[in-house]
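Going down the list, the sequences are from chains A and B.
Mapped onto the working numbering, the consecutive letters of the first sequence carry residue numbers 68 to 491.
Mapped onto the working numbering, the consecutive letters of the second sequence carry residue numbers 166 to 453.
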Amino acid sequence: MKRDRRFRDSQSQASLSRRDFLKGAAALGMGAGVIGLPARGALAGTAKDVNVAVLYPTSGSNARFGQMCVNAIKLAVDDINSAGGIKSLGGAKMNPIYADIQSETSVTRNQAERLMAAGNLAAATGCYVSTFTLVATEVAERYKIPFVTGSVADKLTDRGFKYTFQVSPKASMFGEMQMDFAAKMAGRGKRAAVIFEDTDYGTATSKGVIEGAKKVGFEVVMSEPYVAKFTDATPLVNKIKAAKPDFLFPVSYITDALLIIRAMKQLNVNAGIFGGGAGYLIPDFFKDMGKDANYVFSVASWNNDINCGEVPKIAEAYEKKYGEFLMEHAGEAYVMMWVIADALERAASTDPVKVRDAMAKTNLTQGLGSAMPGCHVEFDDKGWNKHVHPVMTQWQDGKLRCVYPESDARVKPTWPIPAWDKRG
Amino acid sequence: MELTTFLQALITGILMAGIYALVAIGLTLIFGVVRIVNFAHGEFVMVGMYLSFFLWKLWGVDPYASLLITMPVLFCFGVLIQRFLFQPILRAPDLAQIFMTVGLSVILMNLTLFVFTADFRSVKLSYAEWAWRVGGVTIPMTRLFAFLGALLLAGLLTLFLTKTDIGKALRAVAQDREVSMLLGINPERMYLLAVGLGAALAGAAGGLIVPFFYTFPTVGVVFVLIAFVVVILGSLGSIEGALLASLIVGVAESLGILFAGADLGLVVVFAILVAALVFRPSGLMGAR
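Below you can see the structure in the form of structure tokens.
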């Protein structure tokens, strides 16, 4: 109080200067980090329940993706519990504890610490964005809590952590898949342009793309990182146009993906588009682009029509409940809950160390826990699902369909694609 | 490099500058008169975007026509914010003011997130993809409209500030509050007007952005960062400065992407800002 008054007296109101303005600008960063909505979700379930921490960004820049994952997890928990819960634990119910990591690494660390230090978790899952998952798994390793993720960074399981389990294909595999497919469609010796958003995700994925391009004999005529928060994609697409590529391989989030495709149409750039996942795979892409979304390819770690067991049934249930299709990461989030349930079932315990040991012996070839590309979930000694591979998808008549490899696809790819001005 | 590639980058940069200017002018107006740094300004733009979006979605109001509604609504919004949130802290320490506007920004952002979810929304207009092609250079219509709209509004504001009594009074308060009081001007009413106008311009920017951009809760952040650069570069409180600076920033960003790299557009912008701060510490229009 006293301090406050002193400040007030010394403050002459007309003297705010540039320096104060800049000082304020600096404080903005700090302020935004401190203030935020508190995490939702109750901490304690009933004694019998199995607590699983669910860490996703449901606010901040990754909120859209995080929210879809949380929706899928809610569906998975309902399905697991209504199927009788964990039978070896007397039908114990799954009790997810949701924490919003706010699309910030520091918040991710705090939330993970808070939940894991409480000592009542059997397992944890998250975080969609690799950068956050890397942080959360570090905390999990320290508290000895098994952490199942669908994030794709190679580093996640390359570190040799005992408590990290990665059901999804690794980032470095995506580029090779894209290039194999592109070469199969169009033949070798073409011109490829690679653009990628400049965070961990884009940088890691693009490396694989460029290596893959060289392997199949494509000439990489442009390789350029960009900041995803641009207000206009025209300058970037202008540059692409000047490079005259046959294919464009963009690695993007959401708005950047939409703005890039829209600018491609406006500037009439007719390169085949092979998206690197994320923004090219979500309902918003078609909602916004309409028929311009058609023919766009993208690599994915999962799709809602892969030729594997009951995938269409989950997809249908999700669409009915949330009014949009089940996208890549949300689909994996759903599968991961079943992987956790399977480990709990075999461990017959909620002790996280025992759950971890059971999880390391996971070998699912049927049921919802196996519903990844490859239809087989089994972890290698570093905790990576060794049977998984990426798939290629294409927007066909407003639906995102898996088109490659043949073993996973139910439909064929459309190729070649018509030029922008030749479309009806 | 082909000439068209360069011209395209140049024109794109100039068109981008219009929107940057509109957001920055509102910010600089509020700062110049009320002496408050409005960190919630991006969220004012966001509110304007949601208003325009829902006017279109629910009643089919064209986003450009919706300016006639969003601007008055945002004006009232700004007046209320000034009266009930900014006015009580005008004499408080800087830190209190910063936390007030940053807090307001976080509240608006999270409230929108809560009510409208994190969905990306966009309007579908028959003319959204119209583009004017001149000798290999493409000029998207919606961008051109936004640029012209921004110029028109900036011109009207300048006329208002230089030709009308109220406008002159507003400038008097910005120049010297004590003396303006001696001349019989009520500064608190001028504060209300300034924040109202600043918010209305942010709302207008929102309406002009909606046809070609996406509406989502954190969209303000995208525009406000550049706006702060523009305001500082163009001298705090100066409208002509903001116009000139936004042109420089827009073109620098666009050419930076072409020549330096797509992840370096903003680096070029900030490099210019740093250089400007070193050589002209009070900005382009600075008197000192």
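Glycine included, each C-beta is placed from N, C-alpha and C at the ideal position.
Note that the coordinates shown come from a computational prediction; the quantities given were computed from them, not determined experimentally.
_With a threshold of 8 Å between beta carbons, is T301(A) in contact with chain B?_
Yes, T301(A) lies at the interface with chain B (some Cβ there is under 8 Å from its Cβ).
*Which residue's Cα is closest to the Cα of A324(A): A309(A), S365(A), V137(A)?*
Ranking the options by Cα distance to A324(A), first place goes to S365(A).
*Neighbourhood of I195(B) by C-beta distance below 7 Å, restricted to the same chain and skipping five residues each side*: Result list for I195(B): I201, N203, A359, V360, G363, in chain order.
*What residue range is occupied by the uninterrupted alpha helix (DSSP H) comprising C241(B)?*
Taken as a continuous stretch (DSSP letters only), the alpha helix (DSSP H) holding C241(B) covers 232-246.
*Taking the alpha-carbon positions, what's the S474(A) to Q134(A) distance?*
A direct Cα-to-Cα measurement between S474(A) and Q134(A) gives close to 31 Å.
*Would you say G455(B) reaches chain A, if we count a Cβ-Cβ gap shorter than 8 Å as a contact?*
With chain B running from 166 to 453 in the structure shown, residue 455(B) is simply not present.
_Taking CB distances under 8 Å as the criterion, tell me whether D284(B) reaches chain D._
Looking at the structure shown, chain D is missing, and the protein chains on hand are A and B.
_Bridge partner(s) assigned by DSSP for E445(A)_ = Answer is N430(A).
*Count the other CB atoms, across all protein chains shown, that sit within 10 Å of the CB of G339(A); report buried if there are 16 or more and exposed otherwise.*
So G339(A) counts as buried.
*Can you list the residues of chain B that Y293(A) reaches, using a CB-CB cut of under 7 Å?*
Close partners of Y293(A) in chain B (Cβ separation under 7 Å): A427, D428.
_By the 8 Å beta-carbon criterion, what residues does the region 409-437 of chain A contribute toward chain B?_
Residues passing the 8 Å Cβ filter: none.
_Residue range of the unbroken beta strand (DSSP E) whose run includes S474(A)_ = Boundaries cannot be given for S474(A), as no beta strand (DSSP E) includes it and DSSP labels it neither H nor E.
*Which same chain residues, not among the five before or five after R258(A), have their C-beta less than 6 Å away from its C-beta?*
E286, V288, P312, D313, listed in sequence order.
*With which residues is G342(A) paired in a DSSP beta bridge?*
S365(A), per the DSSP bridge assignment.
_Using the Cβ count rule (16 or more neighbours within 10 Å means buried), how would you classify R490(A)?_
Exposed, by the Cβ-count rule.
*Output, in sequence order along the chain, the residues in the region 268-283 of chain B whose CB is closer than 9 Å to any CB in chain A.*
Those would be G268, S270, V271, I272, M274, N275, L278, F279, T282, A283, in chain order.
*Bridge partners of D167(A), per DSSP?*
Looking at the DSSP output, D167(A) bridges to Y123(A).
*When the Cβ atoms of the region 389-405 of chain A are set against those of the region 139-146 of chain A, are three or more pairs found closer than 8 Å?*
With contact defined as three or more Cβ pairs closer than 8 Å, the region 389-405 of chain A and the region 139-146 of chain A are in contact.
_Boundaries (first-last residue) of the alpha helix (DSSP H) holding V261(A)_ = That residue, V261(A), is in no alpha helix (DSSP H); its beta strand (DSSP E) goes 258-264.
_Residues, ordered as in the chain, of the region 434-446 of chain B that lie near chain A by beta-carbon distance below 8 Å_ = So the close ones are P446.
*Nearest-angstrom Cα distance between I381(A) and S437(A)?*
Straight-line measurement puts the Cα of S437(A) at about 13 Å from the Cα of I381(A).
*asked:* The beta strand (DSSP E) that contains M289(A), what's its start and end?
replied: Annotation: the continuous beta strand (DSSP E) that includes M289(A) extends over 286-293.
*Closer than 6 Å by C-beta to D227(B): which residues in its own chain qualify, once you throw out the five before and the five after it? Chain order, please.*
Closer than 6 Å at Cβ, skipping near neighbours: no residue.
_When Q245(A), E445(A), L435(A) are compared against M425(A), the one with the closest alpha-carbon_ = It is worth fixing the name first, because residue 425(A) is Ala in this sequence and not Met. Taking only the C-alpha atoms, the option nearest A425(A) is E445(A).
_What residue range does the beta strand (DSSP E) around T216(A) cover?_
Residues 214-216.
*Buried or exposed: T329(B), going by 16 or more other Cβ atoms within 10 Å of its Cβ?*
By the neighbour-count definition (other C-beta atoms within 10 Å, threshold 16), T329(B) is an exposed residue.
_List, in chain order, every chain B residue whose beta-carbon is nearer than 9 Å to that of I328(A)._
Within chain B, no residue comes near I328(A); the closest Cβ sits about 12 Å away, beyond 9 Å.
*Check whether the region 399-417 of chain B touches the region 287-304 of chain B, counting contact only when three or more Cβ pairs, one atom from each stretch, lie closer than 8 Å.*
Touching, no, given that fewer than three Cβ pairs across the two stretches are closer than 8 Å.
_the region 274-286 of chain B in contact with the region 479-489 of chain A per 3-pair CB rule at 8 Å_ = No, the region 274-286 of chain B does not touch the region 479-489 of chain A.
*Nearest to I184(B) by alpha carbon, out of V244(B), A410(B), P352(B)?*
Selection V244(B), A410(B), P352(B) evaluated against I184(B) yields A410(B) as nearest (Cα-Cα).
*Would you please verify whether the beta carbon of D351(A) is less than 8 Å from any beta carbon of chain B?*
Residue contact with chain B for D351(A): present (Cβ-Cβ distance below 8 Å to some residue of chain B).
_Would you say T383(B) lies against chain A (beta-carbon separation less than 8 Å)?_
Yes, its Cβ sits closer than 8 Å to a Cβ of chain A.
*asked:* Under 8 Å, CB to CB, which of the residues in the region 238-271 of chain A have a partner in chain B?
replied: So the list reads I262, D265, given in the order they occur along the chain.
*beta-carbon K274(A) near the ligand GTP non-hydrogen atom, thresh 7 Å*: Summarising the ligand content, the structure contains no ligands, and the ligand GTP is consequently not present.
*Determine the DSSP secondary structure at D71(A), reduced to helix, strand or coil.*
Low confidence applies to D71(A): its pLDDT is 42, below 50, so where it sits in the model is not reliable enough to give any reading.
*Short-range partners of chain B found in the region 130-142 of chain A, where Cβ spacing is below 9 Å*: Hits within the stretch, in order: A130, R131, F132, G133, Q134.
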